[in-house]
């Protein structure tokens with residue numbers, strides 16, 4: 001979306017590369033002893049390196065979760081491949097990575113024509129608005145007549161026009177070539193509103209000289225469901241990654257945390273928890289793992305809520321609210337089929 | 341009328357008068373160079389003010405308002421908001437990554453050691469008066485790459501039989517070239533050596549395309565075809581040896597012919613022996629380490645390849661000339677970024693399923709080939725400046741083609757184009773930052789990755805990181821430039837302007 005030429009190049013490279021995946025990715029991973037995970041080269045909160053050079057972020061924790069499920073709790077057995085936007089699909093297609101956890105938007109084209117399988121949505125992103133706090137605006141519907149800074153030639157620009165037209169509001173677009181310049185223009189006061197994907201807004205806010213002066217409005221006006229991706233053609237591997245994702249969400253729903261997971265595994269009477277943590281039935285063995293697979297995962301990275309809070313939540317510099325990423329029981333969209 | 345006679349006759353050289361006061365000293369220099377005319381004065385004052393303003397801003401931003409220590413972004417933020425100067429604390433916290441990438445902390449001494457070896461071997465080579473130049477060059481050119489490779493990767497790279505055969509084939513070519521260089525070599529045997537090596541290369545190409553039976557030999561996994569290629573390469577070396585030996589100079593010539601395969605054997609052994617070093621895969625390398633590895637490999641590979649291509653382009657053999665022209669024009673005609681893209685995306689498509697090819701190695705080969713094409717044209721410029729008489733003189737002395745090139749033409753040609761060569765090196769050094777595009781973390785890439793650490797995002801993080809990276813690049817490029825100027829002045833013999 002951000003860079004159409006590169007994206008075009010990438011899709012050409014991918015289109016010429018649609019080959020059936022080699023089956024039995026799980027066996028390959030077990031034999032190799034490491035999970036090869038394609039990640040972003042750097043996106044605050046999703047994939048970045050800390051001062052010790054260790055990868056951290058929401059996407060990174062998904063790599064660790066899958067590794068922990070396979071290698072009995074050893075989340076360090078991951079080989080990270082930082083990939084640019086153009087590289088990511090060829091790398092997955094060419095079997096250079098086993099799993100792509102790189103804030104990739106789930107679209108029909110990618111899911112079908114490119115021969116990929118999206119395992120789920122680990123972050124519901126979408127276009128949002130940022131304004132100065134002292135404007136006293138609490139909803140995007142109050143933005144009529146505002147000056148909006150937006151990057152040119154992106155779907156962001158189209159979404160913006162559609163949204164204002166649909167709500168019978170006027171706006172003055174300030175269209176700028178690069179996202180960095182858009183941020184600068186907003187910071188210098190050339191416009192009242194900054195718009196891009198919400199996760200990007202939170203990151204841009206950190207670059208403002210006083211982040212607390214700016215707020216991200218609750219409205220999300222487009223769908224950018226980001227999720228981990230695997231190759232088409234290996235159903236076992238697809239199921240495994242999918243259920244690690246669902247397991248993380250179910251764990252949050254059931255109140256299983258990094259702290260209480262061992263206690264729960266041993267003592268819980270709740271049948272949902274007993275099935276999730278392998279006390280009853282053989283769900284782990286059915287997907288080629290041990291029955292304690294989810295215990296290992298939760299012990300390594302925590303449940304979905306803990307992953308979210310640790311990497312992007314209110315206690316991190318990014319301070320992202322759960323919003324659409326809250327559980328379905330709390331008004332959000334995160335929902336997982338039951339382990340049964 | 342009586343003739344006027346001059347009564348003053350100078351008996352010797354009169355002492356020269358001191359220059360007028362208005363022509364010497366600081367005030368005179370200033371007046372002549374900066375304030376000669378009113379326009380000059382205006383320009384001087386305007387530019388002086390601009391320079392002072394720029395310098396002051398830089399000092400204020402980089403030193404006075406800068407933050408030097410701190411554990412995270414809070415240190416580089418003013419409590420109530422507002423701009424702060426450079427956030428050197430960010431560079432400080434990430435310095436290890438900027439230099440080594442994600443190279444494991446406990447193993448970083450290996451990188452240090454490799455770098456130290458490089459410096460220790462380069463400095464005496466760069467100082468004209470230091471002794472043992474030949475030994476030094478051999479150590480730097482042959483021993484150092486192997487030692488550095490083992491140190492950096494941890495050694496014990498699973499070298500397959502195909503690679504062993506390929507390396508020996510290359511060695512066979514070099515041996516044949518050496519044998520051809522010695523006078524009085526037997527042409528028939530030489531041709532046989534070259535032919536065998538060429539057939540070996542051909543067999544290897546076929547071996548890469550089709551699978552044939554596999555078996556182990558000396559711990560290497562050969563396929564039938566790659567083993568055949570290996571044996572052919574050995575036969576080629578033997579032919580070269582006999583071709584050289586029947587000539588007059590026996591022992592020295594044989595030593596020279598035997599050296600390439602021996603070096604290859606040592607290389608293969610060094611890469612296969614377990615030194616007890618923890619393996620560090622290249623995807624953990626990063627920062628200045630990757631920049632230097634890519635740049636030095638490119639520099640080291642481009643000069644010899646470029647010389648060969650330049651000679652090939654001026655050769656009278658049509659096939660050689662055509663190949664060189666196509667090679668040079670093709671690689672010069674595409675942007676480096678395209679080469680890197682192709683190496684990253686297209687090569688995996690052509691490889692058989694399951695065969696992967698190290699990402700860094702792909703980039704290294706791409707950069708080396710690309711810079712070799714440029715280097716070839718620089719060298720060719722030097723070759724064209726050598727007058728025909730030099731060639732004729734060398735031929736009249738009875739020198740062979742290679743002797744003529746080695747002893748007469750190349751030393752003169754290369755000296756002429758030192759600025760062009762160093763220009764290419766400097767361009768190459770800076771172009772290494774393009775590997776960022778294909779996901780490798782060179783110095784600039786690592787610095788930019790640092791920007792996405794949420795613990796360090798501040799308004800001044802990006803500017804600080806980029807200025808730091810720019811300064812490091814400048815240091816290296818300026819160093820190369822100064823050394824080249826020194827070499828030019830030293831080698832200047834008769835062309836001085």
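Residue numbers (the working numbering), protein chains in the order written: chain A, 1 to 340; chain B, 341 to 837.
Where is the CB? At the ideal position from N, CA and C, for every residue including glycine.
When the options are compared against residue i, the one with the closest alpha-carbon
| i | options | result |
| --- | --- | --- |
| residue 110(A) | 148(A), 150(A) and 225(A) | 225(A) |
| residue 324(A) | 174(A), 232(A), 294(A) and 125(A) | 125(A) |
| residue 265(A) | 254(A), 279(A) and 258(A) | 279(A) |
| residue 723(B) | 690(B), 739(B) and 757(B) | 757(B) |
| residue 646(B) | 671(B), 690(B) and 634(B) | 671(B) |
| residue 39(A) | 73(A), 27(A), 196(A) and 83(A) | 83(A) |
| residue 405(B) | 413(B), 412(B), 393(B) and 418(B) | 418(B) |
| residue 508(B) | 493(B), 444(B) and 577(B) | 577(B) |
| residue 599(B) | 503(B), 516(B), 635(B) and 566(B) | 516(B) |
| residue 636(B) | 776(B), 764(B) and 668(B) | 764(B) |
| residue 649(B) | 660(B), 656(B), 639(B) and 640(B) | 660(B) |
| residue 520(B) | 560(B), 683(B) and 530(B) | 530(B) |
| residue 329(A) | 275(A), 272(A), 249(A) and 291(A) | 249(A) |
| residue 92(A) | 753(B), 685(B) and 569(B) | 685(B) |
| residue 193(A) | 171(A), 211(A) and 199(A) | 171(A) |
| residue 514(B) | 822(B), 537(B) and 605(B) | 537(B) |
| residue 341(A) | 201(A), 99(A), 220(A) and 173(A) | Within the shown structure, residues of chain A are numbered from 1 to 340, placing residue 341(A) beyond reach of any answer. |
| residue 198(A) | 103(A), 315(A), 247(A) and 76(A) | 103(A) |
| residue 448(B) | 383(B), 373(B) and 629(B) | 629(B) |
Min CB distance residue i to chain B below 9 Å
| i | result |
| --- | --- |
| residue 84(A) | yes |
| residue 51(A) | yes |
| residue 80(A) | yes |
| residue 127(A) | no |
| residue 306(A) | no |
| residue 259(A) | no |
| residue 47(A) | yes |
| residue 130(A) | no |
| residue 87(A) | yes |
| residue 146(A) | no |
C-beta neighbour in chain A for residue i, strict 9 Å
| i | result |
| --- | --- |
| residue 728(B) | no |
| residue 397(B) | no |
| residue 689(B) | yes |
| residue 912(B) | Nothing can be reported for residue 912(B): it is not among the residues displayed for chain B, which extend from 341 to 837. |
| residue 402(B) | no |
| residue 804(B) | no |
| residue 437(B) | yes |
Sequence-distant residues of the same chain with beta carbon closer than 6 Å to residue i, five excluded per side
| i | result |
| --- | --- |
| residue 409(B) | 429 |
| residue 118(A) | 106, 111, 227 and 229 |
| residue 281(A) | 275 |
For residue j and residue i, the rounded distance between their alpha carbons
| i | j | result |
| --- | --- | --- |
| residue 642(B) | residue 402(B) | 38 Å |
| residue 795(B) | residue 47(A) | 12 Å |
| residue 759(B) | residue 713(B) | 17 Å |
| residue 664(B) | residue 622(B) | 32 Å |
| residue 238(A) | residue 231(A) | 8 Å |
| residue 32(A) | residue 705(B) | 27 Å |
| residue 355(B) | residue 348(B) | 16 Å |
| residue 701(B) | residue 549(B) | 20 Å |
| residue 564(B) | residue 554(B) | 6 Å |
| residue 130(A) | residue 138(A) | 10 Å |
| residue 380(B) | residue 398(B) | 26 Å |
| residue 168(A) | residue 204(A) | 28 Å |
For residue i: DSSP bridge partner residues
| i | result |
| --- | --- |
| residue 334(A) | 327(A) |
| residue 850(B) | The shown model of chain B, from 341 to 837, leaves out residue 850(B), and the question about it has no answer. |
| residue 104(A) | 227(A) |
| residue 125(A) | 224(A) |
| residue 171(A) | 146(A) |
| residue 215(A) | 131(A) |
| residue 80(A) | 37(A) |
Same chain, Cβ closer than 7 Å to residue i, five either side skipped, listed in chain order
| i | result |
| --- | --- |
| residue 480(B) | 461, 462 and 465 |
Own chain residues within Cβ distance below 8 Å of residue i, not counting five before or after
| i | result |
| --- | --- |
| residue 774(B) | 676, 677 and 680 |
| residue 832(B) | none |
| residue 472(B) | 464 |
Proximity test, Cβ basis, 9 Å: residue i and chain D
| i | result |
| --- | --- |
| residue 771(B) | Looking at the structure shown, chain D is missing, and the protein chains on hand are A and B. |
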